[in-house]
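Comments concern the structure below.
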Amino acid sequence: MADAILRIKNLQKSFGALEVLKGVDMDVQKGEVVVILGPSGSGKSTLLRCVNRLEEPTGGEIWFEDRQVNHPKTDINEVREKIGMVFQSFNLFPHLTAKGNVMLAQRKVLKRDKAEAERIAIEKLTRVGLADRVDYFPSQLSGGQQQRVAIARALAMDPHVMLFDEVTSALDPELVRGVLDVMKELALAGMTMLVVTHEMGFARDVATRAVFMDGGVIVEEGTPSEVFDNPQNERTQDFLGHIS
Amino acid sequence: MRDRLARSTRLNRVAVGALLLVMLLSVAAPAIAMTTSRLTIDQKIGGARTRFTYQATADEDAGVGRIDFLFPEGFDTDDVYIELTLLDGLRRIKADYEFEVLETGAVSITFDPIVPAKSNLFIEVYDVFTPMAGGTYEIPIEYEAVLPGGSTETRQDEGLTVKYDTPPREEALARWLDNQGWVEAWTSVKFFDIFFKPQHFVVAVPLLFKGWLKSLSLVALAFPISIVGGLLIAFMKMAKVPPVRWIASIYINVVRGTPLFLQIFVVFIGFRTVGLRIPDFPSAVAVLAFNSSAYLAEIFRAGIQSISRGQFEAASSLGMNYWQAMQYVIIPQTVKRVLPTMTSEFILLFKDTALLAAVGIFELMMYSQNYVARNANLTAFMVAAGYYLIVTIPLINLVGKLETKLAQSEHGAASPPKGRAKRGVLLGVGAPAPADSVAPGLGSAAGDPQQKLFEHSAAKHESR
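So the sequences go chain by chain: A and B. Residues in the first sequence are numbered from 1 upward in steps of one, following this note's numbering. Residues in the second sequence are numbered from 1001 upward in steps of one, following this note's numbering.
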């Protein structure tokens, strides 16, 4: 418990009358790769987006390292620097090249000088296999390549945790592999990761823990093999039955 | 006397010779001149069709048989005609007269019967073409005094002088055009004569140029101010604090919901009535900027809000604050999107400078209106139209090009991948997140943001 990097306590989130999260508790240890599974509308993306407060929680607490993320006095931008996020729709900045995308926040948020930001940008883009695409604009890259630029962009901030929100869902099947490989490599390198995904193969191979959510609560959690091979909860069984 | 009524040219010469002789004599022995004579002209500039007005009272001792206006060289009297009034005291008396133009250019008016002594003469000589070269010209006036006994003598009126300025080059050009056959042929078509008269064209073009520069400088100053103002109002409208939003909304709605014409009157007449005296030009710039800011604010707000929310979220997730995200991520993308609409707004504002004519700002419209009122010819309006179009046509073309370019970059020259698109959202090459798809909880179906912008600008066109 002591070295939990992320602690979520009784997290609640409503959009008006719609209660999306109904009290979620979760601790994430440093180096863990937690895969969050569940049907559409189960609240898994919302959970992820509450962690860096893209959604404002309506109840409960989120602690990142030694700070309460959803405390009014917390400078959320300082927290977000340390929490990388990758989106389903990439959200690359279309007016900047791949390198420019990776450099922007380094320069403006971390105040790195241009040379250093550029060096790191090229290093990260090389790491995701895009050394030869640094000067391409997003519109000139395939979806898979764009998503890998987005991962490089998050990595350049030296985050302590990475959030992946259905990052392969918008990709053509043949492009999914490359992105998953990058994520797997990250996991192996010890990055703490929260991954919302439908890629069961990835979850089984890479995750240290699988969490199954439904109806705004965590229904079941355990090691991937426990959850996948021997689901206890009826809804988990049902969901996995449909997926595989 | 009677033979003079049907004079031949030969006789004219004799007559003039005689006049000259008498002139010499009269210098030696001053004749009695007609009293209180006065000569006026109705043009201050030379080279123009001019009316000469002459007023005098006949001598006490003699009637007047003839008056000669000895126009000097350079005056063209070929087309003159005369209007004449004779008064005995206040009673109008019948005047029988004939006039002719001598070879020398002198205009000679012969009376039969003679003008009785002490009568008042009022003579208008129309359509004298004055010389191009301005300056002071002597116009001697001689008359044949008919004494009670029937004898006549030639007397000279006071030496009268007329003075006018040399016309500007365009005026001279216009006068030259007056005498060209092709111009006459062209203007014989009434439509061309009213709307496209070359003589007015050559004068109006340089004259209206000043107004054009004024209109341009008005909009060149007002537009940058309204860009700053528009951005300010746009951000106020998107502010989190409700009162700030309300202020922006009220401003936008009031300005967009009332005619610019009225706003101009409020500033120019209203402020003046209250005692606020601001010079015309700054007031004009201010009222244009005030108006345009509201429109630009809506253009900017629509542009900013048309950027996918995901862009803002991506910037936020990297630790950028609101203003950093705006400055480095949202605004650069917005600029490209709002450029066509902004250019349209510039065109509208430029055209709207014409409304300032109503409060006496000497801009393009005012110049043309003045010219038209003075010359009773609409050519100046056509010239003004030309000056407006010189600016607007290239910009209208530019808007078209920008829109095409934008459409290409938004929807992608490369077609988006046909692969599975979750939640019905197309994401892929060349289409930077066209719709807001990120937040499952937000679920806003934004539609085509560009379409919204176009609709916005279309709505504006109707609103004015």
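Just so it is clear, CB atoms sit at the ideal spot from N, CA and C, and this is done for glycine as well. As the structure is a prediction and not an experimental result, all values here were calculated from the model.
Nearest chain A C-beta to residue i closer than 8 Å, yes or no?
| i | result |
| --- | --- |
| L1339/B | no |
| M1320/B | yes |
| P1332/B | yes |
| G1428/B | In this prediction, G1428/B has a pLDDT of 35, which is less than 50 and means its spatial position is unreliable; what the coordinates show is noted afterwards. For G1428/B, the answer is yes, since a Cβ of chain A falls inside 8 Å of its Cβ. |
| V1329/B | yes |
| A1314/B | yes |
Enumerate in chain order the residues of its own chain whose CB-to-CB distance from residue i is below 7 Å, with the five nearest sequence positions on each side excluded.
| i | result |
| --- | --- |
| K30/A | D3, I5 and T192 |
| T1379/B | F1195, F1196, K1197, H1200, F1201 and A1204 |
| R148/A | V128, G129, L130, G178, V179 and V182 |
| V88/A | Val is not the amino acid found at residue 88/A; the sequence shown has Gln there. The residues are D165, E166, V167, S169 and A170. |
| A187/A | V33, M193 and V206 |
| M103/A | A117, E118 and A121 |
| R1301/B | A1234, K1237 and M1238 |
| T1152/B | G1065, E1144, A1145 and V1146 |
| F1381/B | S1368 and V1372 |
| R53/A | V69, N70 and I76 |
| K124/A | V102, A152, L155 and A156 |
| V219/A | F212, M213, N233, R235 and T236 |
Give the residues of chain A in contact with residue i, contact being defined as C-beta atoms less than 7 Å apart.
| i | result |
| --- | --- |
| G1310/B | F87, S89 and N91 |
Hey, is residue i's beta-carbon within less than 8 Å of any beta-carbon in chain C?
| i | result |
| --- | --- |
| Q1324/B | Among the protein chains of the structure shown, namely A and B, there is no chain C. |
List the residues of chain B that residue i touches, going by C-beta distances under 8 Å, in chain order.
| i | result |
| --- | --- |
| R80/A | S1316, S1317, L1318 and G1319 |
| M251/A | As shown, chain A starts at 1 and ends at 244. That puts residue 251/A outside it, with no answer to give. |
| M157/A | L1318 and G1319 |
Please list, in chain order, the chain B residues whose beta carbon lies closer than 7 Å to that of residue i.
| i | result |
| --- | --- |
| L104/A | Y1328 |
Quick one: residues in its chain with C-beta nearer than 6 Å to the C-beta of residue i, no 5 flanking neighbours on either side, listed in chain order?
| i | result |
| --- | --- |
| A1248/B | I1233, M1236 and K1237 |
| R112/A | Q106 |
| P138/A | L92, P94 and Q146 |
| Q1333/B | I1307 |
| V176/A | T168 |
| D1068/B | A1106, S1108 and E1142 |
| G1074/B | P1131 |
| S1292/B | S1226 and L1349 |
Return no unless some Cβ of chain B is closer than 8 Å to the Cβ of residue i.
| i | result |
| --- | --- |
| P94/A | yes |
| N77/A | yes |
| L6/A | no |
| F239/A | no |
Any idea which residues DSSP pairs residue i with across the strands?
| i | result |
| --- | --- |
| A4/A | Q29/A |
| V35/A | V195/A and A210/A |
| Q1327/B | Bridge partners of Q1327/B: none, in fact. |
| L1348/B | Paired residue(s): none; L1348/B is not in a bridge. |
| K1044/B | K1044/B pairs with nothing; no bridge assigned. |
| L1086/B | I1093/B and L1121/B |
| D1165/B | I1045/B |
| A1145/B | V1064/B and E1153/B |
| E63/A | Note that residue 63/A is Trp in the sequence shown here, rather than Glu. R7/A and Q68/A. |
Within its chain, find whatever has a CB closer than 8 Å to the CB of residue i; leave out the 5 residues flanking it on each side and keep chain order.
| i | result |
| --- | --- |
| T46/A | K13, V20, L21 and E55 |
| K1336/B | L1406 and S1409 |
| A1458/B | Summary for A1458/B: the model assigns pLDDT 43, below 50, so the residue's position carries little reliability; its value from the coordinates is reported in the next sentence. No residues qualify anywhere along the chain. |
| F1261/B | L1355 and A1358 |
| S80/A | Sequence inspection shows Arg at residue 80/A; the Ser mentioned does not correspond to that position. The answer, listed in chain order, is N52 and R53. |
>> Along the region 106-134 of chain A, where does the CB come closer than 7 Å to a CB of chain B? Name the residues.
In response: Under the 7 Å Cβ criterion, the region 106-134 of chain A contributes K108 and V109.
>> Output needed in chain order: residues of the region 48-59 of chain A with a Cβ under 9 Å from some Cβ in chain B.
In response: From the region 48-59 of chain A, only R49, N52, R53, L54 and E55 have a Cβ closer than 9 Å to chain B.
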